[in-house]
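Engineer:
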Amino acid sequence: MAPVTYLEAIRQGLWEEMVRDPSVFLIGEDVGVYGGAFKITEGFIHHFGKERVIDTPISEAAIASAGLGAAFTGLRPVCEFQFMDFITSAHTQIVNAIAKSYWRWGAPAPMVLRGPSGAGVSGGPFHSQNPEMWYAHTPGLKVICPATPSDAKGLIKSAIRDNNPCLFFEHKYLYRRIKEEMPEGDVVVEIGKARTHRAGGHVSVITYASMVWVADEAAKLLAQEGIELEIIDLRTVSPLDEQAIEDTVKKTNRVIILHEDNKTGGIAGEIAAIINERAFDWLDAPITRITALDIPAPFSPPLEKFFLPKVEDVVREARRLVKY
308 MAPVTYLEAI RQGLWEEMVR DPSVFLIGED VGVYGGAFKI TEGFIHHFGK
358 ERVIDTPISE AAIASAGLGA AFTGLRPVCE FQFMDFITSA HTQIVNAIAK
408 SYWRWGAPAP MVLRGPSGAG VSGGPFHSQN PEMWYAHTPG LKVICPATPS
458 DAKGLIKSAI RDNNPCLFFE HKYLYRRIKE EMPEGDVVVE IGKARTHRAG
508 GHVSVITYAS MVWVADEAAK LLAQEGIELE IIDLRTVSPL DEQAIEDTVK
558 KTNRVIILHE DNKTGGIAGE IAAIINERAF DWLDAPITRI TALDIPAPFS
608 PPLEKFFLPK VEDVVREARR LVKY
């Protein structure tokens with residue numbers, strides 16, 4: 308099969324689920340006639356009709372609220388936000404109504420809130436954020452951040468079928484840059500299970516989304532020096548695969564936690580605490596965090612590059628940990 312992009316993989320997953328289950332529908336800003344801000348849903352309205360591909364005003368609060376109401380009636384809405392930065396406009400609906408619906412009165416909310424996130428495209432402070440941790444802290448939500456086309460497709464399908472509300476963060480830098488052959492058939496990926504992107508024996512890099520590819524490039528450079536990186540792709544930040552985290556630390560005894568989100572309050576701090584609780588005796592060096600700076604994402608390409616974690620950061624820290 309010809310390789311498909313990360314964007315096309317998501318598109319395939321959405322299409323297949325809409326064909327499989329008539330209760331699935333799309334709702335959001337420009338998802339219909341325009342085909343989505345990044346053209347993921349282009350052509351959907353002509354095939355499935357305007358009752359299943361619904362254009363809305365620019366109101367994330369209205370989209371999330373309408374989706375929740377539809378979920379209560381037995382439908383499975385997939386709500387698109389043009390940029391996940393503006394998910395904050397629906398914050399109270401998500402954390403107070405959607406996340407707590409089942410716990411309040413036993414009503415499942417089978418819905419997906421999806422859209423592009425992340426930096427690397429010079430989008431500036433309002434179109435480059437990684438908001439996943441704002442919601443990983445909220446019980447009742449599943450927070451998904453795929454790094455590969457096959458995971459993007461398999462996880463969007465799993466999210467649509469899940470009876471819990473799922474937030475699906477699509478890294479916009481990966482949309483057209485990463486390609487992969489798709490497995491044949493109806494393949495889903497289990498939510499909450501990490502995968503080993505690259506096996507190695509010297510230093511573990513625990514990461515997700517676009518940073519998987521930063522770690523991958525660093526691993527290729529370090530391999531020339533005889534240093535093996537083991538790259539663990541979390542896939543989801545809530546729930547976290549704590550067993551996979553523990554297992555890789557016990558294997559390599561050295562760990563880098565890498566993410567694009569800002570350092571303070573990022574998932575790296577939580578993972579470091581998990582390692583401290585479950586695998587402290589296996590560590591041969593301090594836990595290292597490599598993250599974006601604690602500032603808003605700059606517009607300027609050189610400043611954005613300075614702001615983001617880089618391949619050379621991973622290479623430098625891996626060398627330091629091996630020598631520790």
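So the sequence shown is residues 308 to 631, counted in our numbering. The beta-carbon is built from N, C-alpha and C at its ideal position, and this holds for glycine as well. All values derive from a computational prediction rather than experimental measurement.
Among Pro432, Ser465 and Ala506, whose alpha-carbon lies nearest the alpha-carbon of arginine 327?
Structural biologist: Against the sequence shown, residue 327 aligns to sequence position 20. It is Ser465.
Engineer: Please report the residue range of the alpha helix (DSSP H) in which aspartate 458 lies.
Structural biologist: Counting from one through the sequence shown, the residue named residue 458 turns up at place 151. From DSSP, the alpha helix (DSSP H) with aspartate 458 extends over 456-468.
Engineer: Considering just the uninterrupted stretch of the alpha helix (DSSP H) at proline 415, what are its terminal residues?
Structural biologist: For the purposes of this step, residue 415 is taken as the residue at position 108 of the sequence shown. Per DSSP, proline 415 belongs to no alpha helix (DSSP H) and is neither H nor E.
Engineer: How about serine 511 and threonine 559: do their beta carbons lie closer than 8 Å?
Structural biologist: Here the question's residue 511 lines up with position 204 in the sequence shown. Here the question's residue 559 lines up with position 252 in the sequence shown. Yes.
Engineer: For tryptophan 410, which residues of its own chain have a beta-carbon under 7 Å away from its beta-carbon, when the five flanking residues on both sides are left out?
Structural biologist: Taking the first residue of the sequence shown as position 1, residue 410 is located at position 103. Correct list, in chain order: Gly447.
Engineer: Per DSSP, which one or two residues make a beta bridge with leucine 420?
Structural biologist: The residue you call residue 420 lines up with position 113 of the sequence shown. Cys386 and Leu474.
Engineer: Take the Cβ of threonine 555 as the centre, count every other Cβ of all protein chains shown within 10 Å, and call the residue buried at 16 or more, exposed below.
Structural biologist: For the purposes of this step, residue 555 is taken as residue 248 along the sequence shown, with counting starting at 1. The residue in question, threonine 555, is buried, as its Cβ has 16 or more Cβ neighbours within 10 Å.
Engineer: So, at 6 Å on beta carbons, what are the nonlocal neighbours of tyrosine 442 in its own chain, with the 5 sequence-adjacent residues on each side left out?
Structural biologist: Working through the sequence shown from its first residue, we reach residue 442 at position 135. Excluding sequence neighbours, tyrosine 442 sits near Leu448, Val450 and Leu474.
Engineer: Can you say whether tryptophan 520 is buried or exposed, counting buried as having 16 or more other CB atoms within 10 angstroms of its CB?
Structural biologist: Locating residue 520 in the sequence shown gives position 213, counting from the first residue. Buried: at least 16 other Cβ atoms inside 10 Å.
Engineer: In three-state DSSP terms, what is alanine 702?
Structural biologist: The structure shown does not extend to residue 702, since the chain spans only 308 to 631, so no value can be given for it.
Engineer: Exposed or buried, arginine 483, counting other C-beta atoms within 10 Å across all chains shown (16 or more means buried)?
Structural biologist: To locate residue 483, count along the sequence shown from 1; it is residue 176. Label assigned to arginine 483: exposed.
Engineer: Terminal residues of the continuous beta strand (DSSP E) containing valine 512?
Structural biologist: Here residue 512 is taken as the residue at index 205 of the sequence shown, counted from 1. First-last of the beta strand (DSSP E) with valine 512: 510-514.
Engineer: Candidates Phe614, Phe388 and Met489: which alpha carbon is nearest alanine 309's?
Structural biologist: Here residue 309 corresponds to residue number 2 of the sequence shown, with the count starting at 1. Cα-wise, what sits closest to alanine 309 is Met489.
Engineer: Quick one: Cα of threonine 380 to Cα of proline 603, how far?
Structural biologist: By one-based count along the sequence shown, residue 380 stands at place 73. By one-based count along the sequence shown, residue 603 stands at place 296. Answer to the nearest angstrom: the Cα atoms are 40 Å apart.
Engineer: Out of Ile498, Val621, Ile352 and Thr514, which one is the CA nearest neighbour of alanine 579?
Structural biologist: Here residue 579 refers to the residue found at position 272 of the sequence shown. That would be Thr514, whose Cα lies nearest to the Cα of alanine 579.
Engineer: Excluding sequence positions up to five away, which residues of its chain have a Cβ less than 6 Å from the Cβ of glycine 263?
Structural biologist: The structure shown does not extend to residue 263, since the chain is modelled only from 308 to 631, so the question has no answer here.
Engineer: Which residues mark the beginning and the end of the beta strand (DSSP E) in which leucine 565 is found?
Structural biologist: Here the question's residue 565 lines up with position 258 in the sequence shown. Element bounds for leucine 565: 562-569.
Engineer: Helix, strand or coil: which one does DSSP assign to isoleucine 365?
Structural biologist: In the sequence shown, counting from the first residue as 1, residue 365 sits at position 58. Here isoleucine 365 sits in coil by DSSP.
Engineer: Going by C-alpha to C-alpha distance, which of Asp548, Pro608, Asp591 and Gly342 sits closest to arginine 627?
Structural biologist: Translated into positions along the sequence shown, residue 627 becomes position 320. Measuring from the Cα of arginine 627, the nearest candidate turns out to be Asp591.
Engineer: Roughly how many angstroms lie between the CA atoms of proline 384 and phenylalanine 476, to the nearest whole one?
Structural biologist: Here residue 384 refers to the residue found at position 77 of the sequence shown. Here residue 476 refers to the residue found at position 169 of the sequence shown. If you take the alpha carbons of proline 384 and phenylalanine 476, they lie about 16 Å apart.
Engineer: Quick test of the definition: if touching needs 3 or more C-beta pairs under 8 Å, does the segment 370-379 touch the segment 389-400?
Structural biologist: Cβ pair count under 8 Å is three or more, so yes.
Engineer: Buried or exposed for alanine 506, going by 16 or more other Cβ atoms inside 10 Å?
Structural biologist: Within the sequence shown, residue 506 is the residue found at index 199, counting from 1. By the neighbour-count rule (16 or more Cβ atoms within 10 Å), alanine 506 is not buried but exposed.
Engineer: Using CA atoms only, rank isn't needed, just tell me which of Ser366, Pro329 and Val419 is closest to phenylalanine 647.
Structural biologist: The shown model of the chain, from 308 to 631, leaves out residue 647, and the question about it has no answer.
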